[in-house]
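Per the numbering used here, numbering of the sequence shown is gapless, rising by one per residue and ending at 179.
Just so you know, even glycine gets a beta-carbon here, dropped at the ideal spot from N, CA and C.
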Amino acid sequence: MTTELRMESKGLNDLEIVAQQITAFGRGHKIWLLMGQMGAGKTTLSKAICSDLGVIDLVQSPTFSLVNEYLTDKGSTIYHFDFYRIEDIEELANIGIEEYFDSGNLCLIEWPEKISELIPDEYMKIFIEVFDDKSRVIKLTKHD
36 MTTELRMESK
46 GLNDLEIVAQ
56 QITAFGRGHK
66 IWLLMGQMGA
76 GKTTLSKAIC
86 SDLGVIDLVQ
96 SPTFSLVNEY
106 LTDKGSTIYH
116 FDFYRIEDIE
126 ELANIGIEEY
136 FDSGNLCLIE
146 WPEKISELIP
156 DEYMKIFIEV
166 FDDKSRVIKL
176 TKHD
């Protein structure tokens, strides 16, 4: 079953509201795929989502570390991945990727298309389409 939601963002000023809509729509799903062209705002949106979920740690791109772990004010853990620099999917076996995905914790994944064969069957895709420097269309699709 697939469920969709489409929303527009006119800029950074409405990012908090967009993040709230995303977290409400995605409730129940633990794998969130952030997709869009380079510079679309995947990391910026990840920061807003983490803020809405009460993350108390500094949220930044895990481009070089592959994964960052954040704690929330409720004691939950969120994993934030960036697979842009992945050359060989075998690298992920070394970090125990399946354990992260099976942990029951929320996993935010930037550049998931690089590891598509490892993505679990149940996930939410967050696709960011750029219209100009400020406006974006964000399409959410749940896959069960």
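In this structure, DSSP gives Y135 a helical state, which the three-state scheme calls helix. Separation of the CB atoms of I163 and G71 is rounded to 3 Å, and the pair is thereby assigned contact status at 8 Å. In the structure shown, N103 adopts extended strand secondary structure according to DSSP, grouped into three states. Looking at the backbone, the Cα of K177 and that of G61 are separated by about 8 Å. As a beta-bridge residue in DSSP terms, C142 pairs with I66, Y114. For I154, the secondary structure class from DSSP, reduced to helix, strand or coil, is coil. Sequence-distant partners of L153 (beyond 5 residues in either direction) whose C-beta falls short of 8 Å from its own C-beta, in its chain, are I124, L127, I132, E133, F136. Distance from S81 to E145 at the Cβ level is roughly 7 Å; contact confirmed, criterion being Cβ atoms closer than 8 Å.
Of the candidates S100, F116, G110, I52, F116 places its Cα closest to the Cα of I66. Excluding its 5 nearest sequence neighbours in each direction, F118 has C-beta neighbours in its own chain below 6 Å: W146, K149, I150, listed in chain order. Only exposed fits R120, as fewer than 16 other CB atoms lie within 10 angstroms of its CB. Distance check between C142 and each of T98, D87, V102 places V102 closest, using alpha-carbon atoms only.
Counting other Cβ atoms within 10 Å of its Cβ, I91 stays below 16 and is therefore classed as exposed. S138 and Y114 have their C-alpha atoms spaced approximately 10 Å apart.
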